[in-house]
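There are 2 protein chains.
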Amino acid sequence: MRRQFRLMPHRRFVGDLPTPALLLDRDVLERNLAAMAAKARALGVALRPHAKTHKCPEIGRLQLAAGARGITVATLAEAAAFADAGFDDVTWAFPLVLARLEEVVALARRITFRVTVESAAALEALGAAARRSGVEVHAWLEVDSGHHRSGVDPEAPAALDLARRLAEARGVVFDGLLTHAGQSYHARSREERAAVAERERAAMVAFAGRLERSGVRVRGVSVGSTPAMSAVRSLEGVTEVRPGNYAFYDYMQLAAGVCAGDDCAVTVLTSVVSHQAGADHVVVDAGALALSKDPGPDDPALRRGFGPVLRGLAGHELERALAVRGMSQEHGMVGGERAEEVARLAVGDRLRILPNHSCLTVAMFDEYQVVRGEEVVDRWPIRRTR
Amino acid sequence: MRRQFRLMPHRRFVGDLPTPALLLDRDVLERNLAAMAAKARALGVALRPHAKTHKCPEIGRLQLAAGARGITVATLAEAAAFADAGFDDVTWAFPLVLARLEEVVALARRITFRVTVESAAALEALGAAARRSGVEVHAWLEVDSGHHRSGVDPEAPAALDLARRLAEARGVVFDGLLTHAGQSYHARSREERAAVAERERAAMVAFAGRLERSGVRVRGVSVGSTPAMSAVRSLEGVTEVRPGNYAFYDYMQLAAGVCAGDDCAVTVLTSVVSHQAGADHVVVDAGALALSKDPGPDDPALRRGFGPVLRGLAGHELERALAVRGMSQEHGMVGGERAEEVARLAVGDRLRILPNHSCLTVAMFDEYQVVRGEEVVDRWPIRRTR
């Protein structure tokens, strides 16, 4: 498939692409990757980017080239896709799915595969599967550092007990402690994000210290989210970070102040297909199947429907008030606050939409159209199969 | 790919499947297909099912076998996928995308391909492309029968003018009038749905009459949605209907009273992956990437988060109050109204979730696990590529 893309004889321009299409601005992407790699270096931690955002081996390779150490994934299908593409060190940062232990063991034969454990049931099943197959599986202990979604409570005696059992289990290599402070996505200011990041760090380092003092060796402490990384001041005691969204950012991150408009690397190119006389909207060919139904920022004042429209086909500036105001499965309804903003749109016009949530939007497409300005320079497949 | 599935040597049970998986109950599907085919026959109209719901040639063939005349799709990729699978009469019920005329003409060479026009710009571009290529393309005129999303206003003089130009355009075969009364999805009772259906019918038949009286021959009148079809009493003057969701139904249709619980054919099988002490929820491996972020019924009183949990692995009955209460990209948070409903769930348990919106959920998967009761009898690929 890769070869076929390379053989395409002609470069095209954004204005010539079929729609809907997923555009990836290569210059912005490379800037984002370099900036996060530099930040991790400055903070003295390894970077293990979350590939759930892009699902794309080409981008994973750019991240490794920029200094990342291994990658993170959210599903076993992503892990397999990256292993197939030659990635040999992958963390599956999701509570172990007991129904898929056979596949876990098969992957652990091929690559350094690191899974996530946060219950005695998962530890027992993993240990038994590893010993049965004679292969060693790496495992992180997932810790709840305040998100309260999954992970052990680091203050509870049971957490210490589970860590000890993980460290002692035959067939399992205990990698250390892993957490995701997902509440950083709901923080409303840089100060709040910095506070989330510091609480995440402090909880992890304190727990690691208790474990070490009780004789359990903690090889690694893994934290991270894009919003927390945007504001964190110290990562003392942490060994690696796992942000993902920073490769692309999106409208949610822009609205929250995590990034600037020209840091957003992924947009959806769409066509106006209907503009009826008197209608206060135009219809575009980007609905839920292109943008996802992610509602965007928590704060209603910051919401721009299902994604704001960008000005022109090359820029990064938002139109004053034009956005995808509503959608159905394949239809997007683009409206403006003033009638004249809609009035100038005609059937056949192309628009660029900044998605609310780039990770979910990417998951709706089979490939990126890689662009520099208005020029299409490449196509990269998205491994979205599950 | 098909062959590979057929060669799978062993049947399995739902309780043995890897998760997340998309389950399709074949008995329920066949009953739904037969019931809608019988209803269309009784109403004296042809049935052209909307394949956007299932994206699956196997199901399209079952629909044709049950008496359907051709199929409907929502994207050009769906049209191409069904043409590749041998379907020779396909309507693309979406306003023509001018950026894709080359592909339209290529498809029209291979099959009877019917597109949708609702603007002078689209008519001109289509006619020019057809004449340039020497191929005839069929076209419906899309009419707005009250949904106010796209389509010409049938009361406006411009609509009559566009119909006449469509009927006279060289290279274009005018198939007649097409509409989708999508407002039927927001009707709150059978009476409201019946009223929507009757207004849809009346508007279309009146416009067709005006066209005929002014000398424009109207070959067909195409209407339809699943909610409207559930309540419609007469389709006099209509020639075909295009419901889609009826193949599967979903929680939205159930909550609206369009179907019963045991009419719902598609569910998501998921595993409990986390149940921390003291948590008011468990985490399952079905989040936005499995269920979509469709928020469900308009009416807040009817909402059940991102989908209710079914009782047991074979049944169709909803658990009293257990549902996916929240989600992130790969995580679903299942909670109940009473603590004991959550307390009995353990890591490794499998649950079946009834999706809010089956069409969007199906679009997240690569294949159906076709089941009869708890037995897995087949796997059918989903052509979700765009």
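Protein sequences appear in the order of chains Z and Y. If you use this note's numbering, the first sequence corresponds to residues 372 to 757, in order. If you use this note's numbering, the second sequence corresponds to residues 372 to 757, in order. C-beta atoms are modelled at their ideal positions from N, C-alpha and C, and glycine is treated no differently.
Taking the continuous alpha helix (DSSP H) assigned at residue i, which residues delimit it?
i, result
"Y/Phe453", "447-455"
"Y/Leu660", "659-662"
"Y/Thr732", "729-733"
"Z/Val718", "It is not in any alpha helix (DSSP H) - Z/Val718 carries neither H nor E in the DSSP assignment."
"Z/Val385", "That residue, Z/Val385, is in no alpha helix (DSSP H); it is neither H nor E in DSSP."
"Y/Ala710", "710-714"
For my contact list, residue i and residue j are in at a C-beta cut-off of 8 Å; report their separation, rounded to the angstrom.
i, j, result
"Y/Val643", "Y/Leu716", "5 Å"
"Y/Arg412", "Y/Gly438", "7 Å"
"Y/Ala392", "Y/Gln740", "5 Å"
"Z/Ala636", "Z/Leu400", "5 Å"
With distances taken between CB atoms, is the gap from residue i to residue j smaller than 8 Å?
i, j, result
"Y/Ile482", "Y/Asp460", "yes"
"Y/Val653", "Y/Thr641", "no"
"Z/Ala599", "Z/Val567", "yes"
"Y/Gly678", "Y/Ile753", "no"
"Z/Val592", "Z/Gly547", "yes"
"Z/Asp665", "Z/Leu731", "yes"
"Z/Val742", "Z/Leu433", "no"
"Z/Thr462", "Z/Arg419", "yes"
"Z/Ser596", "Z/Gly553", "yes"
"Z/Val718", "Y/Ser490", "yes"
"Y/Thr487", "Y/Leu549", "yes"
"Z/Ala479", "Z/Val506", "yes"
"Z/Gly667", "Z/Asn616", "no"
"Y/Leu512", "Y/Leu531", "no"
"Y/His425", "Y/Arg613", "no"
"Z/Val468", "Y/Gln647", "no"
"Z/His551", "Z/His518", "yes"
"Y/Val587", "Y/Arg535", "yes"
"Y/Val705", "Y/Leu689", "no"
"Y/Ser605", "Y/Arg572", "yes"
"Y/Arg590", "Y/Arg541", "no"
Could you pull the start and end residues of the beta strand (DSSP E) that residue i belongs to?
i, result
"Y/Leu722", "721-724"
"Z/Met775", "An answer regarding residue 775 of chain Z cannot be provided, because it is not within the stretch 372 to 757 covered by chain Z."
"Y/Met698", "689-698"
"Y/Ala392", "392-396"
"Y/Val653", "652-655"
"Y/Val741", "738-743"
"Z/Leu684", "Unbroken run through Z/Leu684: none, as it is neither H nor E."
So, does the CB of residue i fall closer than 8 Å to a CB anywhere in chain Y?
i, result
"Z/Ser699", "yes"
"Z/Ala694", "no"
"Z/Gly431", "no"
"Z/Ala729", "According to the sequence provided, residue 729 of chain Z is Ser. The question's Ala does not apply to it. So, not an interface residue."
"Z/His557", "no"
"Z/Pro726", "no"
"Z/Gly704", "Gly is not the amino acid found at residue 704 of chain Z; the sequence shown has Met there. True, the Cβ-Cβ gap to chain Y drops below 8 Å."
"Z/Arg480", "no"
"Z/Glu489", "yes"
Does residue i have its Cβ less than 8 Å from a Cβ in chain Z?
i, result
"Y/Ser663", "yes"
"Y/Gln624", "no"
"Y/Phe677", "no"
"Y/Val587", "no"
"Y/Gln375", "Low confidence applies here, because Y/Gln375 scores a pLDDT of 38, under 50, leaving its location unreliable; read the following figure in that light. Cβ-Cβ to chain Z under 8 Å: no for Y/Gln375."
"Y/Thr597", "no"
"Y/Ala534", "no"
"Y/Phe578", "no"
"Y/Lys423", "yes"
"Y/Phe619", "no"
"Y/Met379", "Bear in mind that the predicted position of Y/Met379 carries a pLDDT of just 43, short of 50, making it unreliable; the figure below should be weighed with that in mind. False, the Cβ-Cβ gap to chain Z never drops below 8 Å."
"Y/Leu722", "no"
"Y/Val523", "yes"
"Y/Val644", "yes"
"Y/Arg750", "no"
"Y/Met372", "Residue placement at Y/Met372 cannot be trusted, given a pLDDT of 34 that sits under 50; what the coordinates show is reported in the next sentence. Taking Cβ atoms only, chain Z never reaches closer than 8 Å to Y/Met372, which makes this a no."
"Y/Arg520", "yes"
"Y/Pro389", "yes"
"Y/Gly553", "yes"
"Y/Leu467", "yes"
Can you find a C-beta in chain A that's less than 8 Å from the C-beta of residue i?
i, result
"Z/Asp669", "Looking for chain A here will not work: the only protein chains present are Z and Y."
Counting only runs that start and end within the segment 480-561 of chain Z, where is the alpha helix (DSSP H) found for 4 or more residues in a row? 491-504, 528-539
Pick out the complete alpha helix (DSSP H) segments inside the segment 412-477 of chain Z, 4 residues or longer, and give them in chain order. 428-436, 447-455
At 4 residues or longer, what runs of the alpha helix (DSSP H) sit wholly inside the segment 588-630 of chain Z? 597-602, 622-626
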